[in-house]
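Encoded as structure tokens, the structure appears first; notes follow it.
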Amino acid sequence: MIEAVSFLPITLTVNGVEVTRVVEPRTLLADFVRDDLGLTGTKVSCRLQVCGACTVLVDDLPVSACTYLAVDADGADVRTVEGLSDGENLHPLQEAFVEKFALQCGFCTPGFLMMSKALATENPTADRAEIIEHLEGNICRCTGYRPIVEAVECALARMRKVPSE
Amino acid sequence: MLPRFDLLRPTTVAEAVGCLSEESVPYCGGTELLLAMRAGLYRPSALVDIKRVPELRGIRLRDGVLSIGAATSHRVVALDALVRGQLPMLATVEQGVGNARVRAQGSVGGNLCFAEPKSDLATALVAYEASVSLTSAGGTREVLVSELIQGAYFADKEPDELLVSIEIPLPGDHDAVYLKYQTMERPTVGVAVMNDRSGRRCRVVVGAVGEVPVVWEGTDPSEVVPDEIAELVDPVVDLTGSARYKRHVTAVYVRRALRALEGSHPS
Ligand SMILES: Cc1cc2nc3c(=O)[nH]c(=O)nc-3n(C[C@H](O)[C@H](O)[C@H](O)COP(=O)(O)OP(=O)(O)OC[C@H]3O[C@@H](n4cnc5c(N)ncnc54)[C@H](O)[C@@H]3O)c2cc1C
Ligand code: FES
Ligand code: FES
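This is how it looks when you write it as structure tokens:
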């Protein structure tokens, strides 16, 4: 007989640091990283998996942390926008976002960055059309998207030249 | 915040089935279930996480039937070499579901069991005459996807039944296309055309417009009259359009799908 549990211990890696906590199954990954770990870079807006502001990577795959149970990240490698740079230098994606003015208010930016990071891992040679298709599930209310797509294009090109990043 | 619930984590189909009841429901990617719970539409006391059951994952080819485990994500189906090689239309459909996060999180079984009327997957599977395998403590039954999807958010499935796999009989010499029109997260209309040349059968399936996919059947694509198919559908009036508009886009997309079908076949 499988036991039903109301609390359970989880151990996961967040931005390279191992954390262990006891959580309720209903704890959402977005609330876990923001409230418990203080990583408030991950934003929450629609809570419908539509806007992408809450995007984080779980084992390199993008998920909507607003609708993802923390217990499902048990044993996984989670990366939030705080884990994108190495602590000293901006990640090429972040750099390109700054250069191309790919943000205004910045609320959508962590989501776009993490979504783009997923693309860089899965398809480093993505062309413009593929970038646009991949970012379809992210909403920006300020930029009109063109600078965002340009930034990602530019970052992917640079990352191809320096593959270690 | 979500309402409180308990979690169960079975690792075999037998264990999972043993956990199910009205109050204790299957939970896979949660892309529909968690939304419904957050909206207060649904309040199960426990979720049975089926993601740790290896039997529910993966894609296999056996005796001319492609079998897809219920917990397989859209992403995995879209990238799978067998699917791309044998059923390229299905790979295209899966690559177009929602967004990259929904594709990574959401499962094929969850898509069908939730019976959201604006499903691309259900439309494509009806075109392939696919069925599903449902298992409960009492045994296993096979149901055609066209019969599983009974109405909006209504799948013919008992609370103690688990969808284990989707079974797609591989067609012989065939062409298939899927076209959809979409302005929001989900399609306004999805049209699948399946032309099985070896069996001299042609099926046109229109989904998303009404509560359930509508099927037209004949022997050859030349018999299809797009305006007649637009009369067959029973549109649901919603934010994606009026009944008249939906019939109109149905005819347009059937016409375009037929043209794409011609283009996909060199002779
Ligand atoms: C923003 C957004 C956009 C989307 N766009 C599209 C689209 O364009 N086209 C499209 O086709 N779909 C679309 N979808 C739907 C998506 O495909 C489904 O949400 C997803 O596949 C559901 O799978 P899941 O594993 O998350 O299901 P869950 O949410 O875990 O479960 C859904 C329901 O099915 C039941 N269930 C799950 N697995 C089983 C099983 N094996 N046996 C029995 N019952 C089970 C659960 O109890 C629950 O009632 C979209 C969804 C979202 C959120
Ligand atoms: S807040 Fe998660 S997708 Fe919008
Ligand atoms: S920069 Fe303001 S929402 Fe994108």
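Those sequence lines, one after another, are chains A and B. According to the numbering used here, the first sequence is numbered sequentially starting from 3. According to the numbering used here, the second sequence is numbered sequentially starting from 3. Backbone N, C-alpha and C define an ideal beta-carbon position, used for all residues, glycine too. Since we're looking at a predicted model, the values are computed, not measured.
What is the DSSP secondary structure of residue i, reduced to helix, strand or coil?
i      : result
H93/A  : coil
L43/B  : coil
F156/B : strand
L105/A : coil
I141/A : coil
M91/B  : helix
G20/B  : helix
T13/A  : strand
C115/B : helix
L136/B : strand
G113/A : helix
P228/B : helix
S75/B  : strand
G32/B  : coil
T44/A  : coil
The alpha helix (DSSP H) spanning residue i covers which residue range?
i      : result
Y247/B : 245-266
T156/A : Thr is not the amino acid found at residue 156/A; the sequence shown has Cys there. Per DSSP, C156/A belongs to the alpha helix (DSSP H) from 148-163.
R103/B : 102-107
M3/B   : Per DSSP, M3/B belongs to no alpha helix (DSSP H) and is neither H nor E.
E135/A : 130-136
L127/B : 122-129
Would you give the residue range spanned by the beta strand (DSSP E) that residue i belongs to?
i      : result
L146/B : 141-146
G209/B : 203-209
P171/B : 164-171
E20/A  : 19-25
E213/B : Premise fails: E213/B is in no beta strand (DSSP E) and is neither H nor E.
A194/B : 191-198
Y180/B : 176-183
A48/B  : 48-51
D79/A  : 79-81
Against residue i, what residues of chain B qualify as contacts under a CB-to-CB distance less than 8 Å, listed in chain order?
i      : result
H136/A : A102
A120/A : A102
Could you work out which residues of chain B lie near residue i, taking near to mean beta carbons separated by less than 7 Å?
i      : result
T69/A  : G32, T33, L36, L37
V73/A  : L9
T57/A  : R103
M161/A : The contacting residues do not exist; M161/A stays about 19 Å from chain B at best.
Just to make sure I have the definition right: I need the residues of chain B whose C-beta is within less than 9 Å of the C-beta of residue i. Which are they?
i    : result
I4/A : L10, R11, P12, T13, E17, A18, G20, C21, V50
Can you pull the chain A neighbours of residue i, defined as C-beta to C-beta under 7 Å?
i      : result
V90/B  : The sequence given here places Pro at residue 90/B; Val does not occur at that position. Simply none; closest approach about 17 Å.
A106/B : L63, P64, V65
Which residues of chain A have a Cβ atom closer than 9 Å to the Cβ of residue i, listed in chain order?
i      : result
E187/B : L50, Q51, V52, G139
R6/B   : S8, E26, P27, R28
R202/B : None at all; the shortest Cβ gap to chain A is about 36 Å.
Can residue i be considered in contact with ligand 4, in the sense that its beta carbon sits closer than 7 Å to one or more heavy atoms?
i     : result
T69/A : Only ligand 1, ligand 2 and ligand 3 can be found as ligands here, which leaves ligand 4 out of the picture.
Below 8 Å on C-beta distance, what does residue i contact in chain A?
i      : result
R205/B : None at all; the shortest Cβ gap to chain A is about 28 Å.
Would you check if the segment 125-138 of chain B and the segment 164-184 of chain B touch, i.e. whether three or more CB-CB distances between them fall below 8 Å? yes
Between the segment 79-88 of chain B and the segment 30-49 of chain A, do three or more beta carbon pairs fall short of 8 Å? no
Counting beta carbon pairs with one atom in the segment 245-259 of chain B and one in the segment 179-196 of chain B, are three or more of them shorter than 8 Å? yes
Could you name the residues, in chain order, whose CB is less than 5 Å away from a heavy atom belonging to ligand 3? L105/A, Q106/A, C107/A, F109/A, C110/A, C142/A, R143/A, C144/A
Anything in the segment 18-40 of chain A with a Cβ closer than 8 Å to a Cβ of chain D? List those residues in chain order, please. Structure shown: chain D not included; protein chains present are A and B.
Per the contact definition of three or more C-beta pairs closer than 8 Å, is the segment 18-29 of chain A in contact with the segment 4-17 of chain B? yes
Would you be able to state if there are at least three C-beta pairs under 8 Å between the segment 60-75 of chain A and the segment 101-113 of chain B? yes
When you compare the segment 131-148 of chain A with the segment 70-87 of chain A, are there three or more beta-carbon pairs, one atom per stretch, that lie closer than 8 Å? no
Three or more C-beta pairs below 8 Å linking the segment 145-154 of chain B and the segment 221-230 of chain B: no
Measuring CB atoms only, is the segment 62-79 of chain A touching the segment 9-24 of chain A, in the sense that at least three cross pairs come out at less than 8 Å? yes
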